[in-house]
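Student: As given, the protein sequences belong to chains W and C, one line each in that order. The first sequence maps to residues 1 to 302 in this note's numbering. The second sequence maps to residues 1 to 335 in this note's numbering. A virtual CB, placed ideally from N, CA and C, is assigned to each residue, including glycine. For reference, the structure I am asking about is given below.
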Amino acid sequence: MTTSDGDVARIAHGIRTRVFEHVLRNGEGYLSQALSSAEIFALLYGGVLRLGPVDGPTAPAPFTGVPGRGNASYRSGDRFNGAPAPDRDRLIFSPAHYALVLYAALIEVGRLDGDALSVFNQDGSSLEMIGAEHSPGVATTTGSLAQALSQAAGIALARKMRGETGNTWVMMSDGEFQEGQTWEALAFSSFHGLDRLRAVVDANGQQCDGEMCDVGEIEPLAERVRAFGWDAREVDGHDLGAMQAAMSEGSDRPVLVIARTNPTQGVPIYEDKAPLLHTLRFASEEEKSRFEDAYREMTEAR
Amino acid sequence: MEMVTRPHVQNFIDWSKDRPEVVVLSADLTNSCEVGKWRDTYPDRFISAGMAEQNMMGVAAGLAREGFKPWIHTFAVFIYRRPYDQLAMSIAYPNLPVRLVGFLPGIVTPGGVTHQAIEDVAIMRATPNMTIVETGDATEVESVLDVTEEIDGPVYIRMLRGRLPRLFPADEPMRLGVSRELRSGRDVTILTSGIATEEAMRATDVLAQHDIDATHIHVSTLKPFGDPLIEDAITRSNGPVVTLENHTIVGGLGSAVSEFVTDRGLGRRVVRMGLQDTYAHGASKQYLLEEYGLDAYALVHRIGSELGRSLEVSREEVSAAPVEVAASAVNAESL
Numbered sequence: 001m002t003t004s005d006g007d008v009a010r011i012a013h014g015i016r017t018r019v020f021e022h023v024l025r026n027g028e029g030y031l032s033q034a035l036s037s038a039e040i041f042a043l044l045y046g047g048v049l050r051l052g053p054v055d056g057p058t059a060p061a062p063f064t065g066v067p068g069r070g071n072a073s074y075r076s077g078d079r080f081n082g083a084p085a086p087d088r089d090r091l092i093f094s095p096a097h098y099a100l101v102l103y104a105a106l107i108e109v110g111r112l113d114g115d116a117l118s119v120f121n122q123d124g125s126s127l128e129m130i131g132a133e134h135s136p137g138v139a140t141t142t143g144s145l146a147q148a149l150s151q152a153a154g155i156a157l158a159r160k161m162r163g164e165t166g167n168t169w170v171m172m173s174d175g176e177f178q179e180g181q182t183w184e185a186l187a188f189s190s191f192h193g194l195d196r197l198r199a200v201v202d203a204n205g206q207q208c209d210g211e212m213c214d215v216g217e218i219e220p221l222a223e224r225v226r227a228f229g230w231d232a233r234e235v236d237g238h239d240l241g242a243m244q245a246a247m248s249e250g251s252d253r254p255v256l257v258i259a260r261t262n263p264t265q266g267v268p269i270y271e272d273k274a275p276l277l278h279t280l281r282f283a284s285e286e287e288k289s290r291f292e293d294a295y296r297e298m299t300e301a302r
Numbered sequence: 001m002e003m004v005t006r007p008h009v010q011n012f013i014d015w016s017k018d019r020p021e022v023v024v025l026s027a028d029l030t031n032s033c034e035v036g037k038w039r040d041t042y043p044d045r046f047i048s049a050g051m052a053e054q055n056m057m058g059v060a061a062g063l064a065r066e067g068f069k070p071w072i073h074t075f076a077v078f079i080y081r082r083p084y085d086q087l088a089m090s091i092a093y094p095n096l097p098v099r100l101v102g103f104l105p106g107i108v109t110p111g112g113v114t115h116q117a118i119e120d121v122a123i124m125r126a127t128p129n130m131t132i133v134e135t136g137d138a139t140e141v142e143s144v145l146d147v148t149e150e151i152d153g154p155v156y157i158r159m160l161r162g163r164l165p166r167l168f169p170a171d172e173p174m175r176l177g178v179s180r181e182l183r184s185g186r187d188v189t190i191l192t193s194g195i196a197t198e199e200a201m202r203a204t205d206v207l208a209q210h211d212i213d214a215t216h217i218h219v220s221t222l223k224p225f226g227d228p229l230i231e232d233a234i235t236r237s238n239g240p241v242v243t244l245e246n247h248t249i250v251g252g253l254g255s256a257v258s259e260f261v262t263d264r265g266l267g268r269r270v271v272r273m274g275l276q277d278t279y280a281h282g283a284s285k286q287y288l289l290e291e292y293g294l295d296a297y298a299l300v301h302r303i304g305s306e307l308g309r310s311l312e313v314s315r316e317e318v319s320a321a322p323v324e325v326a327a328s329a330v331n332a333e334s335l
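Structure, rendered in structure tokens:
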């Protein structure tokens with residue numbers, strides 16, 4: 001896919017405004033994740049990954065039951081990332097709490113219908129708040145965080161055994177580096193030479209209880225990851241040029257792009273609520289109206 | 001009775017030969033799980049995960065999503081205890097065809113509480129999409145591989161290793177959902193699985209010498225549970241149902257039978273023998289079987305007391321009872 005910087009910037013802006021609008025309409029929601037990761041998703045879907053066209057309709061399907069014997073109507077949400085092919089890339093979405101951001105990204109790149117967020121978190125919808133693998137764009141069920149990297153390693157290993165040339169990508173959140181499984185997966189992937197495994201982490205330094213440095217420090221992340229045999233690349237997660245370069249350059253090792261991001265990027269008044277930025281809830285009508293003003297400023301900025 | 005040494009070793013190698021989709025994952029227990037020679041035979045299909053079971057579950061899931069058939073070989077405790085969330089969310093929920101071969105079921109190992117899988121069946125039964133089969137002898141260790149072929153989802157195998165008796169004829173393989181009626185009688189219905197079956201075979205011989213005629217059924221498919229043969233046997237008998245398992249009595253075979261009896265309104269008392277809601281400790285298998293009342297002697301006396309009979313049977317007498325290869329007592333048509 002060839003996309004200019006302008007297009008990627010437009011996608012990122014679209015993700016931010018779309019999620020912001022939804023959170024305002026909904027009265028609460030995961031806003032900081034969109035503000036920090038908009039450029040990451042814009043680059044994954046709009047510039048870096050080689051994905052096939054959506055496999056099937058772009059309309060979101062209603063929930064049709066869980067995978068299992070006897071459920072012939074089950075269909076994975078991975079189809080929104082296109083059918084797998086040896087030379088194509090895969091995208092394994094890990095932090096399921098970013099589902100709203102993922103859906104917004106799919107809409108911005110035309111992989112999901114424009115009005116799909118109207119069924120977000122609605123009963124009977126596949127656009128669940130914390131997505132599972134029937135949700136659009138979701139390949140694995142990773143609401144219990146830090147399980148995607150291992151699965152992506154298994155997929156990358158299978159593809160390596162078959163001699164496939166496509167990359168297997170994982171979009172991660174930094175909180176997942178507190179889980180032991182992540183470090184098991186890092187060790188496994190370098191030990192098995194999975195040089196076509198790529199991950200990008202939204203290092204926004206935020207988690208449910210507050211700032212990661214106060215809850216459970218993971219730094220120095222790049223040094224730790226390098227010590228596990230990975231090629232770690234630390235960049236400003238809002239700098240499209242630097243991100244594009246870091247995500248595109250090849251390596252003889254598995255690659256982790258550490259995108260240093262700001263959880264209030266584009267909405268400076270949100271900093272007032274720090275350090276509790278995991279979900280946005282309005283304390284008063286007055287506060288809500290200040291965020292509405294910020295939303296207007298953001299939309300008029302384009 | 002024929003004893004077979006490490007039947008899984010060569011059998012699994014032969015079985016895998018024309019199945020290139022079969023890969024083995026091991027977490028540093030390769031020889032302990034009898035796949036060292038498999039690794040040397042198919043090095044390109046062997047994946048050393050190191051001592052990292054959470055990651056191993058995810059890697060197996062990824063391989064399965066790509067069309068491989070991953071066969072995880074490790075001790076049972078390291079399949080369902082340490083990485084349960086990964087097992088449930090990465091493998092069971094998506095119904096992936098991962099084969100979880102769990103060695104050291106129950107109290108067969110002197111490795112103690114950390115190595116003894118005593119509640120694995122309970123946890124796996126409670127896990128949606130999971131199929132559970134348990135091997136009871138060399139014939140079942142050899143034939144369980146074929147059983148998995150018809151299951152398009154995860155399978156948990158309670159596996160035996162080392163020197164094993166051949167209790168069932170080599171030409172009577174394990175079949176999914178099909179139990180083995182080893183003896184027929186009207187006084188009591190005994191259901192056993194795994195190594196408990198050998199104990200019960202000894203016990204039913206001794207009981208017969210004391211005019212107690214038992215029906216004895218060996219169960220190898222623990223989930224889904226519900227072979228019609230079991231309902232027939234229970235309703236044919238006048239007596240209670242007794243289960244004996246190498247597992248806690250909570251959630252395993254005894255619970256499955258109790259649920260079966262209640263669901264179908266069969267109206268029989270179910271006596272559950274096994275570990276009585278306790279952990280065990282490190283000691284020899286025979287010592288632990290005696291200590292926790294899982295052996296033939298305990299079964300003989302429990303059935304005697306359930307039937308109101310005080311049996312003058314010594315431990316030596318029970319141990320001396322010969323166990324012969326047992327063909328199924330019922331023919332194929334009646335299954």
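(1) Measure the alpha-carbon distance for C:A233 versus C:T189 and round it to whole angstroms.
(2) What would DSSP say about W:N167, mapped onto helix, strand or coil?
(3) Identify every run of the beta strand (DSSP E) within the region 295-327 of chain C, keeping only runs that are complete inside it and at least 3 residues long; order them along the chain.
(4) Per DSSP, what are the beta-bridge partners of W:L197 in this structure?
(5) Relative to the alpha-carbon of W:R252, which residue among W:R281, W:Y295, W:R196 has its alpha-carbon at the smallest distance?
(6) If we call anything under 8 Å between Cβ atoms a contact, is W:H238 one with W:S32?
(7) Under a CB-based cut-off of 8 Å, is W:E184 close to chain C?
(8) According to DSSP, is C:M3 part of a helix, a strand, or is it coil?
(9) What does the Cβ neighbour count give for W:I269, buried or exposed, with the cut at 16 atoms within 10 Å?
(10) Do W:L43 and W:M171 come within 8 Å of each other at the CB atom, strictly closer than that value?
(11) How would you call W:A146, buried or exposed, if buried means at least 16 neighbouring beta carbons within 10 angstroms?
(12) At what residue ranges does the region 198-281 of chain C contain a whole run of the beta strand (DSSP E), taking only runs of 3 or more?
(13) Report yes or no: is there a C-beta of chain C within less than 8 Å of the C-beta of W:P254?
(14) Tell me the rounded alpha-carbon separation between W:G52 and W:D87.
(15) Using a beta-carbon distance below 8 Å, is W:G52 in contact with chain C?
(16) Nearest to C:D263 by CA position, among C:V77, C:H281, C:E231, C:E290, is which residue?
(17) On the three-pair Cβ rule with 8 Å, is the region 6-16 of chain C touching the region 158-176 of chain C?
(18) Kindly list, in the order they appear in chain C, the residues whose Cβ is closer than 9 Å to that of W:A187.
(19) From W:A203 to W:Q178, what does the alpha carbon distance come to, in whole angstroms?
(20) Where does W:S190 land, buried or exposed, given buried means 16+ other C-beta within 10 angstroms?
(21) In this structure, does DSSP put C:H73 in helix, strand or coil?
(22) State the CB to CB distance for the pair C:E198 and C:L176, rounded to an integer number of angstroms; the pair is presumed to be in contact (CB under 8 Å).
(23) DSSP puts C:F46 in a beta bridge; with which residues?
(24) Between the Cα of C:D277 and those of C:R39, C:V59, C:N246, spot the shortest distance and give me the residue it belongs to.
(25) Quick one: which residues of the region 145-168 of chain W get their C-beta closer than 9 Å to a C-beta of chain C? List them in chain order.
(26) What residues in the region 78-106 of chain C bring their beta carbon closer than 7 Å to a beta carbon of chain W?
(27) Could you name the residues of chain B that W:R69 contacts, counting a contact when the two beta carbons are closer than 8 Å?
(28) Determine the extent of the beta strand (DSSP E) in which W:F120 is found, giving its start and end residues.
(29) So is C:Y279 buried or exposed if we call it buried at 16+ other beta carbons inside 10 Å?
(30) Leaving out five residues on either side along the sequence, give the residues of the same chain with a beta carbon under 6 Å from the beta carbon of W:A132.
(31) C:T235 to C:E290, Cα distance in whole Å?
(32) Comparing the C-beta of W:Q206 with each C-beta of chain C, is any distance below 8 Å?
(33) Along the region 133-162 of chain C, what residues have a CB closer than 8 Å to any CB found in chain W?
(34) Could you spell out where the alpha helix (DSSP H) holding W:V101 opens and where it closes?
(35) Going by DSSP, which residues form a beta bridge with C:M159?
(36) Would you list the residues sitting across from C:T192 in a DSSP beta bridge?
Tutor: Here's the rundown:
(1) 7 Å
(2) coil
(3) If we require 3 residues or more, the region 295-327 of chain C turns out to have no beta strand (DSSP E) run fully inside it.
(4) W:T168
(5) The sequence as given places Asp at residue 252 of chain W; Arg does not occur at that position. For the residues W:R281, W:Y295, W:R196, the minimum Cα distance to W:D252 belongs to W:R196.
(6) Going by C-beta atoms, W:H238 is not nearer than 8 Å to W:S32.
(7) yes
(8) DSSP places C:M3 in strand when its eight states are reduced to three.
(9) exposed
(10) no
(11) Around the Cβ of W:A146, a 10 Å sphere holds 16 or more other Cβ atoms; the residue is buried.
(12) 214-218, 221-223, 241-248, 270-275
(13) no
(14) 10 Å
(15) no
(16) Ranked by how close their Cα comes to the Cα of C:D263, the residues C:V77, C:H281, C:E231, C:E290 have C:E231 in first place.
(17) yes
(18) G50, A52, N55
(19) 12 Å
(20) Under a 10 Å Cβ-count criterion, W:S190 is classified as buried, with 16 or more other Cβ atoms of the shown protein chains found around its own Cβ.
(21) strand
(22) At roughly 22 Å, the Cβ-Cβ gap does not stay under 8 Å, so C:E198 and C:L176 are not in contact.
(23) C:V24
(24) C:N246
(25) When CB distances to chain C are screened at a threshold of 9 Å, the residues of the region 145-168 of chain W falling below it are A146, Q147, A148, L149, S150, Q151, A152, A153, G154, I155, A156, L157, A158, R159, M161, R162, T168, in chain order.
(26) Taken in chain order, the members of the region 78-106 of chain C whose beta-carbon sits within less than 7 Å of a beta-carbon on chain W are D85, Q86, M89, S90, Y93, P94, N95.
(27) This model lacks chain B altogether, as its protein chains are W and C.
(28) Looking at the DSSP string, W:F120 is not in any beta strand (DSSP E), and its letter there is neither H nor E.
(29) Taking a 10 Å sphere around the C-beta of C:Y279, we find fewer than 16 other C-beta atoms and assign the residue as exposed.
(30) So the qualifying residues of the chain are T141.
(31) 31 Å
(32) For W:Q206, the answer is no, since every Cβ of chain C falls outside 8 Å of its Cβ.
(33) D152, G153
(34) 99-108
(35) C:F103
(36) C:H218, C:L244
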